[in-house]
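S.K.:
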Amino acid sequence: MDCALLLLSLWALIGTVSPQTPGSCPERLLGEERRRTCPRPCKVDKDCGIKRQCLCDGQCGLSCVAPGRTCAWPLPLSEKSVARLLSPTHSFSALLEVRCKPGFTLPNGLDATIRRCQGDRQWSGDEPICTETQTPETAAAQTCPLPEEVINTFSIQGDATVGTSIRYSCLSGADIVGSSENFCQDNQTWQYPHPICKKMYCQPPPEVEQGYVVAVQKTEYEVGFDIHYLCKKNFLLDGPQKVTCLSNGSWSASPPHCRARCLIPAERSRVVIGEMKRWPFDVTDAMVSHGENVAFYCKHPHKHCSFTAFQTCFDGKLEPPACYLEPTWLQYKLFPHRLVSEIEACEPVDVE
């Protein structure tokens, strides 16, 4: 069978070399050649100038060809096939046999094919692909390859065994472009190309009151793009300083807030800020930052001693505790040593 195939292939290929025999060269294919380029068409040698001849060039028909042009040789080594020249040289019209090694076969079931050196310096036909000969026992265990980029991009339902189907869904949650289902064929190739996930973008981030978005102004941002936030003077950033555009089209975190400072609601009593007992007028602007704790002095309802109650500044709001009583101007001026903040502290057991 293989010998007959080779003889027929040789006859067919050799028959396309000589344009002198009427009908020995096929009509030139127009519009749908499988080849990338065809030489200039001709009818006789004088149509081609000095260095070229009018020769039959396979599907290109009668063409102006430089007979000395050569095709690539030797071919790269293959683990599955062996190539050998059937002609003395590898120039135009030379024949090449590609034969699959034992245990392998071509998609058409044969184990050899003939290729011809064309005028475009390429061997005719597609690159032969020899695949391992399958038996009923091994076919069931064979699979179609899944590239790493596909595995990293999709969640795949089903397995890649020959004769079965799989379904794709994007890990990022994006829409699929292409077929969401594929079939593993007997030759261990997929019926369709693998799909892709629609590229996702993030919308411009919201503005932050009393703050700035530090980023190039765009209508949409690519996955992995970072933006930064800054607050105006005297405001404290509460939240992430940097957010990143994720593969699902959302930002890695909600935008932060720029929190205002708080005015200390005490004038004639000392308070504790950062473990230091201070008069409010000794603090810059008599204000504390957002999130800072302030301890106020309260008088024990039954004893002549004081205890502290903490309040926290939150975005410009700092209320004194219910137990705190602001001294009068006369108390502050005439009896400063009797101010609640200056009297002896209560024993721990007295304030529990």
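Take the sequence shown: its letters are residues -19 to -1, 1 to 333, numbered as in mature numbering (1 follows the signal peptide of the UniProt record, and there is no 0). Cβ atoms here follow ideal geometry from the backbone N, Cα and C, with glycine treated the same way.
1. I'd like the list of long-range same chain contacts for SER228, defined as Cβ closer than 7 Å, with 5 residues on each side in sequence excluded.
2. Helix, strand or coil for residue 356, going by three-state DSSP, please let me know.
3. Taking only three categories from DSSP, how would you classify GLN166?
4. Note down, in chain order, each residue of its chain lying with its Cβ closer than 8 Å to the Cβ of GLU188, except the 5 sequence neighbours on either side.
5. Using DSSP's beta-bridge definition, name the partner residues of TYR149.
6. Under the assumption that CYS279 contacts TYR305 (Cβ atoms under 8 Å), give the Cβ distance between them as a whole number of angstroms.
7. According to DSSP, simplified to helix, strand and coil, what is PRO26?
8. Using only alpha-carbon positions, find the residue among SER250, THR142, VAL79 that is nearest to TRP260.
9. Around the Cβ of GLU13, are there at least 16 other Cβ atoms within 10 angstroms (buried) or fewer (exposed)?
10. Can you give the Cα-Cα distance for ILE208 and ASP156, rounded to whole angstroms?
11. Closer than 8 Å to a non-hydrogen atom of the ligand HEM - does that hold for the CB of GLY100?
12. What three-state label does DSSP hand ILE132 in the structure shown?
13. Apart from the five residues on each side of it in sequence, which residues of its chain come closer than 7 Å, Cβ to Cβ, to GLY49?
14. To the nearest angstrom, how far is it from the Cα of PRO301 to the Cα of VAL269?
15. Just mark PRO329 as buried or exposed, buried being the case when its beta carbon has 16 or more other beta carbons within 10 Å.
16. Alpha carbons only, please: which of THR112, GLU113, THR94 is nearest the one belonging to GLY106?
17. Could you tell me the boundaries of the alpha helix (DSSP H) in which GLN222 lies?
18. Tell me, which residues are paired with residue 400 by DSSP?
19. Where does TRP104 land, buried or exposed, given buried means 16+ other C-beta within 10 angstroms?
20. Our contact map puts CYS243 next to GLY297 with C-beta atoms below 8 Å; I'd like the distance itself, whole angstroms only.
M.R.: A quick look at the data gives this:
1. Stepping through the sequence shown from its first residue, residue 228 is reached at position 247. Listed in chain order, the non-local C-beta contacts of SER228 below 7 Å within the same chain comprise SER153, MET181, VAL204, local neighbours out to five positions each way being set aside.
2. With the chain running from -19 to 333 in the structure shown, residue 356 is simply not present.
3. Here the question's residue 166 lines up with position 185 in the sequence shown. The answer is coil: DSSP assigns GLN166 none of H, G, I, E or B.
4. Numbered from its first residue, the sequence shown carries residue 188 at position 207. Counting only Cβ-Cβ distances below 8 Å, and skipping sequence neighbours, we find VAL194.
5. Taking the first residue of the sequence shown as position 1, residue 149 is located at position 168. Its beta-bridge partners are ILE137.
6. Looking up residue 279 in the sequence shown gives position 298. Looking up residue 305 in the sequence shown gives position 324. The C-beta distance from CYS279 to TYR305 rounds to 5 Å, short enough to fall under 8 Å.
7. Counting from one through the sequence shown, the residue named residue 26 turns up at place 45. With the sequence shown as reference, residue 26 is identified as Asp, and Pro is not the correct amino acid for it. Collapsing the DSSP output to three states places ASP26 in a helix.
8. By 1-based counting over the sequence shown, the position of residue 260 is 279. If we check each option's Cα against that of TRP260, SER250 comes out closest.
9. Along the sequence shown, read from residue 1 onward, the residue named residue 13 stands at position 32. Its pLDDT being 48, under 50, GLU13 is placed unreliably in this model, and the value from its coordinates should be taken loosely. That one is exposed.
10. The count along the sequence shown starts at 1 and reaches residue 208 at position 227. The count along the sequence shown starts at 1 and reaches residue 156 at position 175. ILE208 and ASP156 have their C-alpha atoms some 25 Å from each other.
11. Annotation note on the ligand HEM: not contained in the displayed structure, which lists no ligands.
12. What you label residue 132 is simply residue 151 of the sequence shown in a count that begins at 1. Helix at ILE132.
13. Sequence index remark: in the sequence shown, residue 49 carries index 68 (1-based). For GLY49, where only same-chain residues beyond five positions count, the Cβ hits under 7 Å are SER72.
14. Counted from its first residue, the sequence shown places residue 301 at position 320. Counted from its first residue, the sequence shown places residue 269 at position 288. PRO301 and VAL269: Cα-Cα distance of roughly 13 Å.
15. Locating residue 329 in the sequence shown gives position 348, counting from the first residue. Of the other Cβ atoms in all chains shown, fewer than 16 fall within 10 Å of the Cβ of PRO329; this residue is therefore exposed.
16. What you label residue 106 is simply residue 125 of the sequence shown in a count that begins at 1. Looking at the Cα atoms, THR94 is the closest of the given residues.
17. What you label residue 222 is simply residue 241 of the sequence shown in a count that begins at 1. Where GLN222 is concerned, there is no enclosing alpha helix (DSSP H), given that its DSSP letter is neither H nor E.
18. For residue 400 there is no data in the structure shown, the boundaries of the chain being -19 and 333.
19. Numbered from its first residue, the sequence shown carries residue 104 at position 123. Buried is the call here.
20. Counting from 1 along the sequence shown, the entry for residue 243 is found at position 262. Counting from 1 along the sequence shown, the entry for residue 297 is found at position 316. Between GLY297 and CYS243 the Cβ distance is about 6 Å, and since that is below 8 Å, they are a contact.
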